Amino acid sequence: MPIHNVHDSGYKKLFANRTFLRQLLESFVDEPWVKEVDFEEAETLDKSFVADHYKATESDLIYKLKLHNRELYIYLLLEFQSSVDRFMAVRVAYYILAFYMDYVANRMRHDEQADRANLRDGQTQEMLPPIFPLVVYNGSDRWTAPEQLADLVAAEPSLGTYGVQCRYFKIAENAFERERLLVIRNLVSTLFLAETHYELELLIEEFVHLFTTESDRKAVSMLVNWFYQLVVHGRIQEQDYAVLEQELHSVREVREMLVDAVAKEKAQIREEGREEG
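Just so you know, we're using numbering that gives the first Met the number 0 here: the sequence shown kicks off at 0 and counts up by one.
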């Protein structure tokens, strides 16, 4: 039973969690700089630049991180429409420029030490922070849109380098085979499995694995809650969630028994040590 696009606040909440962001970048963005990002310092900005016309089919998240002790921004666009927009690069460029316009306006408004005359004359030495545009697509169609703006603009050699440059990094969930997602085996790969390769027994195995190995308990709970939202939106049968919930409940009981047994064993060892002393 395939799951169609789920566009609700729950999906955005998942990626507002730092663990989800870290696993998304580390597992699906094959760029050297990802290994050097300080995810512990990651924070989301309470802003959105999605145009009104597209708010029904996409959401955005802006993260501020540290890379080499400098600010780096991630512009994460969550694309939910089933069809592919050929002019996605135009929209991404628009959102990035809107972000920079907002950034400049805020700096001019709040930086009391800025020299207004220099700012107007363009003499300031301050640089804009780098931003990484990332599009996550969970539609059913194969992604075919150009990923850089230049590929959408008719070439005119006489203009030389006078053209707008913008490129985004695309993650199309339906482009990943089940086997690869099973190798990755983390929160994000489990989410992608549920979206594109829905098999209840397989998902239960992945959820149980997360439940027993993932240190971010809140992130796991968020993913389980997202799975329940599929029931609420009529995407899956209520019985599917009931089966998953029962399996996780059994795992929780086993874990609690093991923790209790280990605690008793430690207490016994300490007691024996005191008696021998």
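From the three backbone atoms N, C-alpha and C, an ideal C-beta is built for every residue, glycine too.
Computed from a predicted model, the values in this text were never measured in an experiment.
Three-state class that DSSP yields for residue i in the structure shown
i, result
"GLN164", "coil"
"PRO132", "strand"
"LEU77", "strand"
"SER58", "strand"
"PRO1", "Residue placement at PRO1 cannot be trusted, given a pLDDT of 41 that sits under 50; what the coordinates show is reported in the next sentence. It is coil, neither helix nor strand."
"LEU158", "helix"
"ALA41", "strand"
"VAL36", "strand"
"ASN105", "helix"
"MET100", "helix"
"LEU127", "coil"
"TYR93", "helix"
CB-CB length for residue i against residue j, believed under 8 Å
i, j, result
"GLU165", "ALA97", "It is Cys, not Glu, that sits at residue 165 in the sequence shown. About 12 Å; that fails the 8 Å criterion."
"VAL219", "LEU209", "5 Å"
"GLU246", "VAL207", "6 Å"
"ILE95", "VAL134", "Not really, about 12 Å apart at Cβ, beyond 8 Å."
"ARG85", "ALA174", "Contact flag wrong, Cβ pair sits at about 17 Å."
"GLU213", "GLU194", "Not quite, the Cβ-Cβ distance comes to about 19 Å (not below 8 Å), so this is no contact."
"ASP101", "LYS46", "7 Å"
Counterpart residues of residue i in DSSP-defined beta bridges
i, result
"ALA171", "TYR136"
"GLU70", "LYS65"
"VAL231", "According to DSSP, VAL231 bridges with nothing at all."
"VAL83", "The partner list for VAL83 (beta bridge, DSSP) is empty, contrary to what the question assumes."
"GLN147", "ARG166"
Beta carbon of residue i nearer than 7 Å to that of residue j
i, j, result
"LEU186", "LEU222", "yes"
"VAL103", "ASP140", "no"
"VAL163", "LEU151", "no"
"TYR136", "GLU198", "no"
"SER58", "LYS12", "no"
"THR43", "TYR62", "yes"
"ASP215", "THR18", "yes"
"LYS65", "GLU40", "yes"
"LEU60", "PHE27", "no"
"HIS196", "ARG177", "yes"
"SER81", "GLY138", "yes"
"LYS146", "TYR167", "The sequence shown places Glu at residue 146, not Lys. Cβ distance < 7 Å, so GLU146 and TYR167 count as in contact."
Any non-hydrogen atom of the ligand PLP within 6 Å of residue i CB
i, result
"LYS46", "Of the ligands one can find in the structure shown there are none, so the ligand PLP has no counterpart to examine."
Contact between the segment 67 to 86 and the segment 124 to 134: three or more CB pairs below 8 Å? Contact holds: three or more Cβ-Cβ distances are below 8 Å.
Kindly confirm or deny that the segment 198 to 205 and the segment 23 to 34 touch, where touching means at least three C-beta pairs closer than 8 Å. Result no; under three Cβ-Cβ pairs closer than 8 Å.
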